[in-house]
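Reviewing the structure listed below.
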Amino acid sequence: MTVTSNLSVPAAAPEAGQPAIPGRLTVREHTLEIVSDSGEGAQRCGQLFGMVSARMGNGVWTVEIIPAEIEPPPRTPTSASGIRVRIGTAPVTNWGDHAHLVVAFNEQVLLARHRLGALADDCIVLVENCWATHPDETIRKAWDEAMAELGTRGYRIVGVPMEEQCLSVVDEPRKGKNMFALGILTTVYEREAEVLRELIARQFRKKSEEVVKANLALFELGQRWAVEHLDLCVHVPVEKPAQPMVVMNGNQAVALGAIAAGLDLCAMYPITPATSVSHYLGDIFERFGGVVHQAEDEIAAAGVAIGASFAGNPAFTVTSGPGLALKTEFIGLAVMTETPLVVVDVQRGGPSTGLPTKVEQGDLLASLYGQPGDAPHVVLAPATIEECFHCMVTARRLAETFRTVVIVLTDANLATGVQPFPRPSLDPRWHAPPPDTGAVPAGLRPYDWNPETGLSRRFVPGQPDGMFTATGLAHDEASKVAYDPESHQRGCAMRSRKLAALHRTLKPPVVYGAERGDLLVVGWGSTKGAIEEAVDRLRADGLAVSALHLRFLSPLEPGLRAIFRRFRKVLTVEINYSDEPDDPLITDENRRRAQLAWVLRAATLVDVDCWSRVPGQPLRPGHIEAAIRGRLRTKKESR
Amino acid sequence: MTTGCSLLAAVLEDEEHAFTVEDYAGAAPRWCPGCGDHAVLTATQRVLETEQLRPEQTVFVSGIGCSSRFPHYLSTYGFHGLHGRALPVATGIKLRNPALHVFVVMGDGDCCSIGAGHWIHATRYNVNMVALMLDNGVYGLTKNQTSPTTPRGHPTNTQPRGSYLDALDPLSATLGVTNASFVAQTADWVPAHLYETIRAAYHHRGFAFVRILQRCPQYTRGLWDEAVRNPDLTEILEHERGIVVPGLEKIYRHRVRHDPADLDAARRLARPDVARLGLLYRNEQAPCYDETLRITRYAADQRARMLDEELDRHAV
């Protein structure tokens, strides 16, 4: 079979041997990808597709596929830039397993997705076919080789003359294919074209009337082309949610959550994938009276936030792993001086510069224990984009009430993922109260710790009779430098006690699935949707598997030991590195475990096992499902 | 009490008692006898008294080192933070509450070595605050290591056969930064000049950088001994718009006329090894970051209303 000739014409009617595209299809969910070279706008296409799907009432989850460079060499598998959009009739909580349909702007980026196993066996592939007949022989050869490789699978490949079509509207098709592709997808998935026209107009409004017109023309061209050439329709029925919804990505949710919390100073230094929080705030924060301070470095960003918090309402800083490392000393200082501080760490792959644009949950232990000395503080991990919003309110309040640092661990998956969630009904009480400017009552000291809770009342510069010097040195209740054994022991105990006091106010987490069984999967952060989907599939198969998702990592939520004891095995599932138990060199003694597993083993004395991967992408429910099945098959008892 | 101070006291009379130098005293200083830090503390307390700064409206921010114990010895608010990182903390305090009087006290290690990046950027931000750099040319608290301002050849514990490099010149470095707006040099052994310089720095709109030449009796005893003994080795920059210290000419006869508006001349005059005291440069027109970047406090319900409108943009 010469694949090239099949693809040179848009094939609605396939030749013998080529699997048929399915015509009309009704499914409860469908996953599609748009992939291109960097700068060709695949992400924008997918974002708009996700947006219209959310507006129509479908469940949506999007994941961006981002190369680390701005414009890497084109037409190479490593330059693949794009987006996955999973839509469903019910809410969608994760990016799923395989793409059922992919639009590729060249065959090389398509190869990248194929080689990563991202495409379903029967994936419908719509690929730009100008490369098949390109004047450059090396390009034609590369195309042929790619098609041979792709031909080993059951993909249903359709050549699309994107460039040829786009040239009828614009001179530079590189900048127009994304809207043409959006037109095709609009027809295939029966999206509301009017809503999209509005979204496209809004998207390009800042440029010019001409640009808006051209993009709308490309969009319509794509729709027409699909009507005329594709006998394909994917119907994902809509069940309109009862309550009003909003749709955004996790970094936008963090930014809006910060505003809801009454935070008004974000001190930051650019770092992927955290920076877009400051982009969004840069755009809107001033309207709310807030400011974004772009500091000279990560350390200064923490310093400015601490200084601002010391002088009044708490400030926050956003960063990612390498930046968190640089802020370490300041975090210790904030703990020691009991200065409220919110640090958002949008985790990416590490160590070192690692995988700057890709997801990992590798900063948990660094967040918990990264500071030299004993520096007790709070660590939270939102599990969904909705929680990215609400956790900022919690973080601000805890930082202030407990006079400590709150680290919020999100990740690249939440940061760029887009998902609809119930619109928050705002409560002015979430907002930071104005700082107390009244005189400090006589006799009160800056660290008059309540011996039971470790809590004390904070004095703020400007308050008469409260003058003291905050210090990173060991100090007593009056903030006087005190090196004596009793003072240091007491200071450490009082700062530590605050976590115990917070722990007492927390509720035990709720098990997803049955309260007891053979295996409990424990997760944290962005993996919740994928873990629960895997658990649903296993339970549907009759397996006694449940899941537990933790939001508080420091202090841990109460009752874990009791919950764990109701399961034969406990297994954490995480996106960070752990040794494989069946590796010949690895024993139970030398095995380096996933990060939450370490913490849970120490805290509960339960023999918590782990399954973790560092693929630089979100975990797929199918992989988790397979891993759990594997663990259930092993005879060895976990305790 | 000086005449100027009495006038202020009269203004304050109705409200409350005037603050005396003692009102600004905190814990008893634990610096070595003969350390220049004592003189800076005294001069600073006199400035606070002269200006009648309310202790609760005043914050001293420091790094780590001998001089960074400074806030503990005052009765104002203080923040004794990390080595080299006083400036970012002070910037945050000022952004949060521009009404506060913010003073930063750092050593040469703090400012010119571990925190050098912050020094350059704080100069460029030009936030309204006073930055006192107490330069004794050595790491004292960690016991005698070479600092960036240690003169070449001076032995320390880390470079016992003499420091390898020429000293960094903090004045040239500061004057080289875009938006530098106040650069002065003074010395611990000329208390009247020290006092007037800190006072002028306080009155400056913007980031006022003051390098204070200072003796360390333990480790850099010889550094300024000659200049202390022989007043002719100390040069005074003289100008009616500079730092004017009445009566100083009787002792310090070596005077150089310099208009602090002249940046080029200031750069020529900046030398690390000459006790040249006075205002090198002042520009009251330089933009101040804390005037550009203003936090506005809205009521919670007003902000919630605005946020609701913003959520509309994300509504499906």
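If you're matching them up, the sequences are chains G and U in order.
Residue numbers for the first sequence, in this note's numbering: 69 to 707.
Residue numbers for the second sequence, in this note's numbering: -4 to 311.
From the three backbone atoms N, C-alpha and C, an ideal C-beta is built for every residue, glycine too.
Source: prediction; values computed, not measured.
Open item on the list: Is the beta carbon of D351 of chain G closer than 9 Å to that of A299 of chain U?
Closed with: No, these two residues do not count as a Cβ contact at 9 Å.
Task: Status (buried if at least 16 other CB within 10 Å, exposed otherwise) for L324 of chain G - done: It is buried - the Cβ of L324 of chain G has at least 16 other Cβ atoms within 10 Å.
Task: Opposing strand residues paired with S614 of chain G [DSSP bridges] - done: Per DSSP, G:L588.
- [ ] Could you pull out every residue in the same chain whose Cβ sits closer than 6 Å to the Cβ of L306 of chain U, ignoring the five residues on either side in sequence?
- [x] There are no such residues.
Open item on the list: I'd like the span of the alpha helix (DSSP H) that includes P577 of chain G, first residue to last.
Closed with: Looking at the DSSP string, P577 of chain G is not in any alpha helix (DSSP H), and its letter there is neither H nor E.
Open item on the list: Since P503 of chain G and G380 of chain G should fall inside the 8 Å C-beta cutoff, what is the C-beta to C-beta distance between them, to a whole number of angstroms?
Closed with: Contact flag correct, Cβ pair sits at about 5 Å.
TODO: Could you pull the start and end residues of the alpha helix (DSSP H) that L264 of chain G belongs to?
DONE: A261 to F272 is the extent of the alpha helix (DSSP H) around L264 of chain G.
Open item on the list: Between A295 of chain U and chain G, is any beta-carbon pair separated by less than 9 Å?
Closed with: Yes, its Cβ sits closer than 9 Å to a Cβ of chain G.
Open item on the list: Mapping the DSSP letters down to three states, classify I654 of chain G as helix, strand or coil.
Closed with: In the three-state scheme derived from DSSP, where H, G and I count as helix and E and B as strand, I654 of chain G is classed as coil.
Open item on the list: Less than 9 Å between the beta carbons of L567 of chain G and P444 of chain G, yes or no?
Closed with: Against a cut-off of 9 Å, the Cβ pair of P444 of chain G and L567 of chain G comes out as a contact.
- [ ] Any chance you could list the beta strand (DSSP E) runs of at least 3 consecutive residues sitting entirely within the segment 174 to 208 of chain U, in chain order?
- [x] 177 to 182 and 202 to 208, all fully within the segment 174 to 208 of chain U.
Task: Partner residues on chain C for V95 of chain G, Cβ-Cβ distance less than 7 Å - done: The structure shown contains no chain C; its protein chains are G and U.
Task: Helix, strand or coil at K308 of chain G [DSSP, three-state] - done: It is coil, neither helix nor strand.
Task: Cα-Cα separation between H234 of chain U and L274 of chain U, rounded to whole angstroms - done: H234 of chain U and L274 of chain U: Cα-Cα distance of roughly 9 Å.
TODO: Return helix, strand or coil for A467 of chain G, following the three-state DSSP convention.
DONE: Shown here, A467 of chain G sits in a helix according to DSSP, grouped into three states.
Open item on the list: Quick check on DSSP: helix, strand or coil for H445 of chain G?
Closed with: In the displayed model, H445 of chain G falls within coil according to three-state DSSP, outside both helix and strand.
Open item on the list: Does the contact criterion of 3 or more C-beta pairs under 8 Å hold for the segment 243 to 260 of chain G versus the segment 93 to 106 of chain G?
Closed with: With a cut-off of 8 Å, the segment 93 to 106 of chain G and the segment 243 to 260 of chain G count as touching, because enough Cβ pairs lie within range.
- [ ] Report yes if the CB atom of N319 of chain G is closer than 9 Å to the CB atom of V410 of chain G, and no otherwise.
- [x] Taking a C-beta distance under 9 Å as the contact criterion, N319 of chain G and V410 of chain G do not qualify as a contact pair.
Open item on the list: Run through the DSSP bridge pairs and tell me what Q415 of chain G is partnered with.
Closed with: The partner list for Q415 of chain G (beta bridge, DSSP) reads G:D479.
Task: Span separating the alpha-carbon of G222 of chain G from that of L432 of chain G - done: CA-CA distance, G222 of chain G to L432 of chain G, rounds to 41 Å.
Task: Cβ contact check for the segment 269 to 284 of chain U and the segment 167 to 186 of chain U: 3 or more pairs under 8 Å - done: In short, these stretches touch, since the Cβ pair count reaches three.
Task: Nearest-angstrom Cα separation, counted from G357 of chain G out to D303 of chain U - done: Cα to Cα, the separation comes out at about 15 Å.
Task: Stretch pair the segment 392 to 404 of chain G + the segment 600 to 608 of chain G: three plus CB contacts closer than 8 Å - done: Too few Cβ pairs lie closer than 8 Å, so no.
TODO: Starting from Q320 of chain G, follow the alpha helix (DSSP H) in both directions and report where the run begins and ends.
DONE: Counting along the chain, Q320 of chain G sits inside the alpha helix (DSSP H) bounded by residues G318 to A328.
Task: Neighbour-count burial assignment, R154 of chain G, 16 or more Cβ in a 10 Å radius - done: Label assigned to R154 of chain G: buried.
Task: Beta-carbon neighbours of A708 of chain G, restricted to chain U and to distances below 9 Å - done: A question about residue 708 of chain G goes unanswered here, because the residues of chain G that appear run from 69 up to 707.
Task: Neighbourhood of P424 of chain G by C-beta, 6 Å cutoff - its chain only, sequence neighbours within 5 removed - done: Excluding the 5 residues flanking it on each side, P424 of chain G has same chain C-beta neighbours closer than 6 Å at A136, T340 and R416, in chain order.
TODO: Please name the residue in U:E46, U:S62, U:T229 and U:P155 whose C-alpha comes closest to that of Y247 of chain U.
DONE: Here the closest residue by C-alpha is U:T229.
Open item on the list: I252 of chain G and V228 of chain G - do their beta-carbons sit closer together than 9 Å?
Closed with: With contacts defined as CB atoms closer than 9 Å, V228 of chain G and I252 of chain G qualify as a contacting pair.
Open item on the list: Here's the rule I'm using: 16 or more other beta-carbon atoms within 10 Å means buried, otherwise exposed. How should H113 of chain U be labelled?
Closed with: With 16 or more other CB atoms across the displayed protein chains lying within 10 angstroms of its CB, H113 of chain U is buried.
- [ ] State the DSSP-derived secondary structure class of W666 of chain G, mapped to helix, strand or coil.
- [x] In the structure shown, W666 of chain G sits in a helix (DSSP, three-state: H, G or I).
Open item on the list: Is the beta carbon of V682 of chain G closer than 9 Å to that of I65 of chain G?
Closed with: Summary: the structure shown does not reach residue 65 of chain G, with chain G confined to residues 69 through 707, and so no result is reported for it.
Open item on the list: With H, G and I counted as helix, E and B as strand and the rest as coil, what does DSSP make of P492 of chain G?
Closed with: Correct three-state label for P492 of chain G: coil.
- [ ] My understanding is that E545 of chain G touches D516 of chain G, with C-beta atoms under 8 Å, so please give their C-beta distance in whole angstroms.
- [x] Yes, E545 of chain G and D516 of chain G are in contact; Cβ-Cβ is about 6 Å, under 8 Å.
Open item on the list: Quick check: is the beta carbon of A310 of chain U nearer than 9 Å to any beta carbon in chain G?
Closed with: Residue contact check for A310 of chain U against chain G: a CB pair falls below 9 Å.
Open item on the list: Runs of 4 residues minimum, wholly inside the segment 165 to 204 of chain G: which ones carry the alpha helix (DSSP H) assignment?
Closed with: Here the runs fully enclosed are 175 to 183.
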